[in-house]
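Novice: Before we start, here is the structure in question, set down as structure tokens.
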Amino acid sequence: MKPNIDYKALFTVTPSPYLVLGPDLVIVDVNEAYLHATGRSRQDLVGQYLFDAFPDNPADESADGVQNLDASLRRVLRWRQPDTMAVQKYDIPVPSRPGAFEERWWSPINTPVLGPDGRVAWIIHRVEDVTEFVRSRPPKSTGGLLDRREAMEAELYARARELQRLNEELRQAHAREHQVALTLQGAMLHSPDLDRHRNVAVRYLPAVGSLNVCGDWYDVVDLPEGSFGVAVGDVVGHGLEAATVMGMLRSALSAAVRALTEPAKSLEVLGLYARSVEGALATTAAQAVIDTRHQRIAYSSAGHLPPVLVHADGTYDLLDRATDPPLGARPEHVPRPQASLPYTPGDILVLYTDGLIERRGEDIDVSLHRLTNALASHTRMSPDRLADALLARLGVAGGARDDIALIVVRL
1 MKPNIDYKAL
11 FTVTPSPYLV
21 LGPDLVIVDV
31 NEAYLHATGR
41 SRQDLVGQYL
51 FDAFPDNPAD
61 ESADGVQNLD
71 ASLRRVLRWR
81 QPDTMAVQKY
91 DIPVPSRPGA
101 FEERWWSPIN
111 TPVLGPDGRV
121 AWIIHRVEDV
131 TEFVRSRPPK
141 STGGLLDRRE
151 AMEAELYARA
161 RELQRLNEEL
171 RQAHAREHQV
181 ALTLQGAMLH
191 SPDLDRHRNV
201 AVRYLPAVGS
211 LNVCGDWYDV
221 VDLPEGSFGV
231 AVGDVVGHGL
241 EAATVMGMLR
251 SALSAAVRAL
261 TEPAKSLEVL
271 GLYARSVEGA
281 LATTAAQAVI
291 DTRHQRIAYS
301 SAGHLPPVLV
311 HADGTYDLLD
321 RATDPPLGAR
331 PEHVPRPQAS
341 LPYTPGDILV
351 LYTDGLIERR
361 GEDIDVSLHR
371 LTNALASHTR
381 MSPDRLADAL
391 LARLGVAGGA
401 RDDIALIVVR
411 L
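The numbering of the sequence shown is our numbering, which starts it at 1 and goes up by one.
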């Protein structure tokens with residue numbers, strides 16, 4: 001039986017000083033240890049912007065506590081990862097003497113708490129007051145040489161500060177590399193025809209911890225006589241190499257379906273092309289062509305998970321009657337299968353990659369059942385709202401272990 005634990009009471013009496021911040025860096029809660037360490041009251045702090053409550057000491061020209069702590073908190077908000085800071089000199093106001101500050105040294109750790117949407121809902125700011133430790137260093141010897149213990153502590157402190165500086169330089173370099181990756185991915189996933197389809201929503205989420213580029217893709221292509229094609233694909237692997245292969249295959253399939261207009265023949269061409277592209281074998285893809293004049297969907301799959309056609313009453317069809325092995329799986333060329341089915345205006349077609357539903361150690365039928373249940377519960381939503389609700393319902397709004405590409409079409 002799960003114990004009935006009062007987590008609020010635990011937080012209140014935790015011996016380490018804790019401060020809870022909102023994403024706007026406003027203090028939302030504080031424990032007794034923090035109040036004791038700073039000499040402040042709950043009424044003084046809760047609801048205050050952090051750096052209004054704890055500004056830099058104006059009498060210390062070298063004070064950089066606010067700058068360093070703000071940079072750490074911004075990293076937590078951006079990367080959604082804990083950030084451990086070097087020992088900081090951060091003087092605090094003396095409540096009984098307005099305008100006076102007391103010298104303090106702290107060892108801070110900032111930890112994000114993620115909400116259901118995967119975004120940072122709160123930040124736990126934990127500090128340890130190391131002022132007494134810093135002040136307790138023995139005085140300098142009469143010979144002008146530092147005591148061995150003092151020299152060691154000074155060296156450790158200097159190295160910690162240098163490590164903090166180097167880490168900041170690495171973070172800035174990573175941020176530049178990350179921006180380059182985002183620009184590259186955006187260029188490779190650009191779909192000019194998508195802007196003409198208000199009834200189509202797309203989402204792309206790289207694997208958690210990746211550079212923000214991946215081998216998954218989506219595409220929307222306008223075809224003659226009121227038809228249009230939608231496709232998703234998944235290259236094995238992550239990172240720039242997989243993204244490069246993805247860009248080549250996506251462009252090839254986009255060109256093939258424009259020329260041939262049939263999903264199966266388009267995937268045949270893609271399969272032949274994939275044999276000449278290093279890293280393309282075992283790629284999966286699904287292509288569907290929606291004929292809006294006759295209200296029919298033609299589709300074909302190269303080893304990909306089945307798209308789902310959801311009806312207004314919550315029932316659904318899995319598009320699984322034209323599935324063939326992934327690209328390059330057969331040594332000889334074999335025509336790929338194609339199937340079709342009718343749809344009713346208002347139905348929803350969903351194409352996705354495996355990162356959306358697959359969970360380690362779970363049978364794929366269980367994963368598909370969870371997906372179809374989620375879709376059946378949101379049939380009245382717009383494509384954009386449904387895409388976001390689906391990611392949240394499946395617990396991957398903040399990303400997953402694998403890449404995710406998603407297309408939602410209101411037919």
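Here a beta-carbon is modelled for each residue, glycine too, at the ideal position from N, C-alpha and C.
1. Got a sec, what are the start and stop residues for the alpha helix (DSSP H) T131 sits in?
2. Considering Cα atoms alone, identify which of G22, P23 and A53 is closest to L35.
3. Drop a sphere of 10 angstroms on the beta-carbon of S141, count the other beta-carbons inside from all chains shown, and report buried for 16 or more, exposed for fewer.
4. Determine the contact status of F101 and P95, defining contact as a CB-CB distance below 7 Å.
5. DSSP state of L146, grouped into three classes?
6. Measuring only the C-alpha atoms, how far is L146 from R42?
7. Which residues bound the beta strand (DSSP E) around R410?
8. With DSSP run on the structure shown, which of helix, strand or coil describes N199?
9. Under 7 Å between the Cβ atoms of I123 and L21?
10. Do S227 and D291 have their C-beta atoms within less than 7 Å of each other?
11. Which residue spans inside the stretch 233 to 267 form an unbroken alpha helix (DSSP H) run of at least 4?
12. For T131, I'd like the list of residues in its chain whose CB is within less than 6 Å of its CB, leaving aside the five on either flank, ordered along the chain.
13. By Cβ distance below 6 Å, which residues in the same chain neighbour E278 in space, the five residues on each side in sequence not counted?
14. Going by the CB atoms, is the gap between V221 and G229 shorter than 7 Å?
15. Under 8 Å, with one C-beta from each stretch per pair, do the stretch 386 to 394 and the stretch 313 to 330 reach the 3-pair mark?
16. Just to confirm my understanding: we take S367, look at its own chain, exclude 5 residues before and 5 after, and list those with CB closer than 7 Å. What are they?
17. Find the nearest neighbour of L341 within the set G314, P335 and V310, judged by alpha-carbon distance.
18. Tell whether a beta-carbon distance below 7 Å holds between R74 and D83.
19. Cα separation between D320 and P337?
20. Grab the span of the beta strand (DSSP E) containing I348 for me, first residue to last.
21. Compare the beta carbon distance of S266 and A256 with 7 Å and say whether it is the shorter of the two.
22. To which residues of the same chain is L114 closer than 7 Å at the C-beta, ignoring the five residues directly before and after it?
Specialist: According to the structure data:
1. T131 to R135
2. Comparing Cα-Cα distances from L35 to each of G22, P23 and A53, the minimum goes to A53.
3. Because the pLDDT of S141 is 49, which lies under 50, any placement of that residue in the model is unreliable, and the number read from its coordinates should be weighed accordingly. Looking at its Cβ environment, which holds fewer than 16 other Cβ atoms inside 10 Å, S141 is exposed.
4. no
5. A caution first: L146 carries a pLDDT of 48, below 50, which makes its placement in the model unreliable, though a value can still be read off. Of the three classes helix, strand and coil, the one that applies to L146 here is coil, per DSSP.
6. Low confidence applies here, because L146 scores a pLDDT of 48, under 50, leaving its location unreliable; read the following figure in that light. Near 42 Å, if we compare the C-alpha coordinates of R42 and L146.
7. I404 to R410
8. DSSP places N199 in coil when its eight states are reduced to three.
9. yes
10. yes
11. 239 to 260
12. R104 and W105
13. none
14. yes
15. no
16. I357, E358 and R359
17. V310
18. Judged by beta-carbon spacing, D83 lies beyond the 7 Å limit of R74, meaning their Cβ atoms are not closer than that value.
19. Roughly 11 Å separates the two Cα atoms.
20. I348 -> beta strand (DSSP E) spans I348 to Y352.
21. yes
22. Answer for L114: R80, V120, A121 and G398, listed in chain order.
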